[in-house]
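Read top to bottom, the protein sequences are chains A, B and C. Its first residue numbered 0, the first sequence is counted upward by one per residue in numbering that gives the first Met the number 0. Its first residue numbered 0, the second sequence is counted upward by one per residue in numbering that gives the first Met the number 0. Its first residue numbered 0, the third sequence is counted upward by one per residue in numbering that gives the first Met the number 0. Read through the structure below, which is laid out as structure tokens, and then see the notes.
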Amino acid sequence: MSNLKVHVLRLTPGQEVVGELEKYVSAQVPRGAFIMTCCGSVTSATLRLAADTNGVTNKIVKLSGHFEVLSLSGTISREGTHLHISLGDHQGAALGGHVMGDLTVFTTMEVVLGEALDVTLGRAFDNRTGYDELTITKDEREAAGTIN
Amino acid sequence: MSNLKVHVLRLTPGQEVVGELEKYVSAQVPRGAFIMTCCGSVTSATLRLAADTNGVTNKIVKLSGHFEVLSLSGTISREGTHLHISLGDHQGAALGGHVMGDLTVFTTMEVVLGEALDVTLGRAFDNRTGYDELTITKDEREAAGTIN
Amino acid sequence: MSNLKVHVLRLTPGQEVVGELEKYVSAQVPRGAFIMTCCGSVTSATLRLAADTNGVTNKIVKLSGHFEVLSLSGTISREGTHLHISLGDHQGAALGGHVMGDLTVFTTMEVVLGEALDVTLGRAFDNRTGYDELTITKDEREAAGTIN
């Protein structure tokens, strides 16, 4: 049985993508959402990069300039956000990492969010990783076939 | 209520991805569509890169060679197409930008398109950006719960 | 009519992504599935890179270290898997290619799979490419409108 509702959004120049998506999800998608497609451009981004070779230290970089958003992936819920982005610079080189914030829209940002109607996304501390990690809670009523 | 229809396609060697997707959407998805997944390889691509440091000039590059398509994001409707791509070259380096065209399939291109059944995607000129930007029009009948 | 079922998963430290997804799809999604979003980190990956300039040789690289998964695209069915990935390294550089395996989860891997309820995904040898390529078989019963 189909269990997906999609939400199509366009953000405009100067809006901050993470904050706007969190505000939208908090108000309109209490179950939580995931990114299905994202296409646009930004003038800034703060990213946490992959761990170094020891797996301990993650560098945080504040980017400023013009970047095409090549992809955005991950989940957003009232309990937390986990997004990874890849950006293309003015030479075409791609770079990316974990989104900390500061994704300021340059011209546009087209985003499609997906909402799984039979699960609620949340976050809970995982002592294996030291982070609040994704939790997926089945809605028994919905699972019983009364999705609408 | 579920509001997504998906369309699964495979393109074959020599086909041009943008033109084929536009033809498919024009004929089969008049409401417009967005890219949900895309996996394949190309022998060419014309990309418009991110703006330079002044935010004014965007270089256009014509790529020729073999590239894996790492991701494709964005929307396609009868009124316009907005796609960003990331490519992997034969050394594994990733590059990408705004797709202008010339995405010639090398071996295959697996594409899943999504169609939101309760909205129509279009394009309208936005004088803040100088481009035709995405418009999202709710279908009142569908919004009233008669999606089928 | 809506025809998509989504499956939301979280993989945990030490799990191998491709094997886990194939196991899940084989058991839970016999029609086959495609990647809708993927966000997490890995400590290894084996990738087949794009063909060289002659279009003949594809280098295979075994990566070891810490990488953010920036995107994952493609399809998984009982008959075969076709995934492309882009990774961000500890300097933020993006790299990627065709996934051969060895995607070992570092902290987490959030994955949303899509299942098109009216088609079955498979693989068949294509002598134009030398690979088993995606096949898409419409389910006539489902196509007749009895999806549930």
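In this text, a Cβ means the ideal position worked out from N, Cα and C, and glycines have one as well.
- prompt: Using 8 angstroms as the Cβ pair cut-off and three pairs as the minimum, do the stretch 18 to 32 of chain B and the stretch 67 to 79 of chain B touch?
  reply: yes
Cβ-Cβ distance between LEU133(A) and HIS97(A) below 8 angstroms: For the purposes of this step, residue 133(A) is taken as residue 134 along the first sequence, with counting starting at 1. For the purposes of this step, residue 97(A) is taken as residue 98 along the first sequence, with counting starting at 1. Taking 8 angstroms as the Cβ cut-off, LEU133(A) and HIS97(A) do not qualify as a contacting pair.
- request: Would you mind reading off the limits of the beta strand (DSSP E) that contains VAL28(B)?
  value: Within the second sequence, the letter at position 29 stands for residue 28(B). Membership of VAL28(B) in any beta strand (DSSP E) is not indicated, and neither H nor E is assigned to it by DSSP.
task: Return helix, strand or coil for VAL104(C), following the three-state DSSP convention.
output: In the third sequence, the residue the question calls residue 104(C) occupies position 105. Note: VAL104(C) maps to strand in three-state DSSP.
query: Taking only beta-carbon atoms, is PHE33(C) less than 8 angstroms away from chain A?
result: As a first step, residue 33(C) must be located in the third sequence, where it is residue number 34. Interface residue (Cβ-Cβ distance to chain A less than 8 angstroms): PHE33(C) is not classified as such.
message: Helix, strand or coil for GLU78(A)? Go by DSSP, reduced to three states.
response: The count along the first sequence starts at 1 and reaches residue 78(A) at position 79. It is coil, neither helix nor strand.
message: Just list the residues that DSSP pairs ASN57(A) with in beta bridges.
response: Stepping through the first sequence from its first residue, residue 57(A) is reached at position 58. For ASN57(A), which the question treats as bridged, DSSP gives the partners ALA50(A).
task: Tell me whether the beta-carbon of ASP101(C) lies closer than 8 angstroms to the beta-carbon of ALA44(C).
output: Residue 101(C) sits at position 102 when you count from the first residue of the third sequence. Residue 44(C) sits at position 45 when you count from the first residue of the third sequence. Going by C-beta atoms, ASP101(C) is nearer than 8 angstroms to ALA44(C).
message: Can you check which of these residues, ALA49(A), ARG127(A), GLY39(A), VAL55(A), is closest to ALA93(C) by C-alpha distance?
response: Working through the third sequence from its first residue, we reach residue 93(C) at position 94. Looking only at ALA49(A), ARG127(A), GLY39(A), VAL55(A), the smallest Cα-Cα distance to ALA93(C) is reached by ALA49(A).
task: Would you decide whether GLU114(C) is buried or exposed? Buried here means 16 or more other CB atoms lie within 10 Å of its CB.
output: On the third sequence, residue 114(C) is found 115 positions in, with the first residue counted as 1. Using a 10 angstroms sphere on the CB of GLU114(C), the tally of other CB atoms reaches 16 or more, which defines it as buried.
- prompt: Taking only beta-carbon atoms, is GLU67(A) less than 8 angstroms away from chain B?
  reply: Taking the first residue of the first sequence as 1, we reach residue 67(A) at position 68. Yes, because at least one Cβ of chain B sits closer than 8 angstroms to the Cβ of GLU67(A).
message: Between the alpha carbons of ARG127(C) and VAL104(B), how many angstroms are there, rounded?
response: For this step, residue 127(C) is matched to residue 128 along the third sequence. For this step, residue 104(B) is matched to residue 105 along the second sequence. Answer to the nearest angstrom: the Cα atoms are 12 angstroms apart.
task: Look up ALA143(B) in the DSSP assignment and say whether it is helix, strand or coil.
output: The residue given as residue 143(B) occupies position 144 in the second sequence. The pLDDT assigned to ALA143(B) is 49, lower than 50, so where the model puts this residue is not dependable, and the model offers no usable value.
query: Would the beta-carbon of GLY91(B) be found less than 7 angstroms away from any heavy atom of the ligand FMN?
result: No copy of the ligand FMN occurs in the structure displayed, which carries no ligand at all.
message: According to DSSP, is GLY64(B) part of a helix, a strand, or is it coil?
response: By 1-based counting over the second sequence, the position of residue 64(B) is 65. It is a strand residue.
- request: Report the rounded CA-to-CA distance for ARG47(B) versus ASP138(A), giving the unit in angstroms.
  value: Taking the first residue of the second sequence as position 1, residue 47(B) is located at position 48. Taking the first residue of the first sequence as position 1, residue 138(A) is located at position 139. If I take the Cα positions, the gap works out to 45 angstroms.
query: Are the C-beta of THR136(A) and some C-beta of chain B separated by less than 8 angstroms?
result: On the first sequence, residue 136(A) is found 137 positions in, with the first residue counted as 1. Cβ-Cβ to chain B under 8 angstroms: no for THR136(A).
- request: Taking 8 angstroms as the threshold, find out whether the stretch 5 to 18 of chain B comes into contact with the stretch 107 to 126 of chain B through three or more Cβ pairs.
  value: Output reads yes: the stretch 107 to 126 of chain B touches the stretch 5 to 18 of chain B.
message: Just verifying my parser: in three-state terms, what is the DSSP assignment at GLY95(A)?
response: In the first sequence, counting from the first residue as 1, residue 95(A) sits at position 96. Note: GLY95(A) maps to strand in three-state DSSP.
query: Tell me which same chain residues have a C-beta within less than 6 angstroms of the C-beta of SER85(C), skipping the five on either side of it?
result: Position 86 of the third sequence, counted from the first residue, corresponds to residue 85(C). So the list reads LEU69, SER70, ALA93, GLY95, once near-sequence residues are dropped.
- prompt: For THR42(A), which residues does DSSP report across the bridge?
  reply: In the first sequence, residue 42(A) corresponds to position 43, counting from 1. DSSP, once it has assigned bridges, lists no residue as partnering THR42(A).
task: Could you tell me if VAL5(C) is buried or exposed, where buried requires 16 or more neighbouring beta carbons within 10 angstroms of its beta carbon?
output: Here residue 5(C) corresponds to residue number 6 of the third sequence, with the count starting at 1. Looking at its Cβ environment, which holds 16 or more other Cβ atoms inside 10 Å, VAL5(C) is buried.
message: Using C-beta distances below 6 angstroms, list every residue in its chain close to ALA155(C), excluding the 5 sequence neighbours before and after it, in chain order.
response: In this structure chain C extends from 0 to 147, so residue 155(C) is not present and cannot be described.
query: Are the C-beta atoms of GLU85(A) and some chain C residue less than 8 angstroms apart?
result: Taking the first residue of the first sequence as 1, we reach residue 85(A) at position 86. Going by the sequence as given, residue 85(A) is Ser instead of Glu. By this cut-off, SER85(A) is an interface position.
query: Is the CB of GLU139(A) under 8 angstroms away from at least one CB in chain D?
result: The structure shown has no chain D; the protein chains it does contain are A, B and C.
Alpha carbon of THR119(A) to alpha carbon of THR136(A), nearest angstrom: Mapped onto the first sequence, residue 119(A) falls at position 120. Mapped onto the first sequence, residue 136(A) falls at position 137. Cα-Cα distance, rounded: 5 angstroms.
Beta-carbon contacts of GLU21(C) that lie in its chain and below 7 angstroms, excluding the five residues immediately before and after: Residue mapping note: residue 21(C) aligns to position 22 of the third sequence, counting from 1. Within the same chain, ILE75, THR80 come within 7 angstroms of GLU21(C) by CB-CB distance, once the 5 residues on both sides are set aside.
query: Can a CB atom of chain B be found closer than 8 angstroms to the CB of THR107(A)?
result: Reading the first sequence from its first residue, position 108 is the one you call residue 107(A). Closer than 8 angstroms: yes.
field: For ILE59(C), the nearest candidate out of SER63(B), GLY91(B), PHE33(B) (CA to CA)
entry: For this step, residue 59(C) is matched to residue 60 along the third sequence. Looking at the Cα atoms, GLY91(B) is the closest of the given residues.
query: By the 10 Å Cβ neighbour count, where 16 or more other Cβ atoms means buried, how is THR145(C) classified, buried or exposed?
result: For this step, residue 145(C) is matched to residue 146 along the third sequence. For THR145(C), the pLDDT reaches just 43, beneath the cut-off of 50, and the residue's location in the model is therefore unreliable, although a value from the coordinates is still provided. Counting the other CB atoms within 10 Å of its CB gives THR145(C) a total below 16, which places it among the exposed residues.
field: Environment of ASN53(B) [buried if 16+ CB atoms lie within 10 Å]
entry: Taking the second sequence and counting its residues from 1, one reaches residue 53(B) at position 54. Burial call: exposed.
message: On the CB-based measure, 16 or more other CB atoms within 10 Å of its CB, does THR36(A) come out buried or exposed?
response: The sequence position of residue 36(A) within the first sequence is 37, counting from 1. Flag for THR36(A) reads buried.
- request: Over the uninterrupted beta strand (DSSP E) stretch that includes THR128(B), give me the two end residues.
  value: Residue 128(B) sits at position 129 when you count from the first residue of the second sequence. No beta strand (DSSP E) contains THR128(B), which DSSP labels as neither H nor E.
message: Closer than 7 angstroms between beta carbons: that is the criterion. Which residues of the stretch 12 to 41 of chain A meet it against chain B?
response: Those would be PRO12, MET35, THR36, CYS37, CYS38, SER40, in chain order.
query: What residues of chain B sit near SER43(A), judged by a beta carbon separation below 7 angstroms?
result: For the purposes of this step, residue 43(A) is taken as the residue at position 44 of the first sequence. Neighbours of SER43(A) on chain B: none; closest Cβ ~12 angstroms, over 7 angstroms.
- prompt: How many angstroms separate the CA atom of VAL41(B) from the CA atom of VAL17(B)?
  reply: By one-based count along the second sequence, residue 41(B) stands at place 42. By one-based count along the second sequence, residue 17(B) stands at place 18. In a straight line, the C-alpha of VAL41(B) is about 12 angstroms away from that of VAL17(B).
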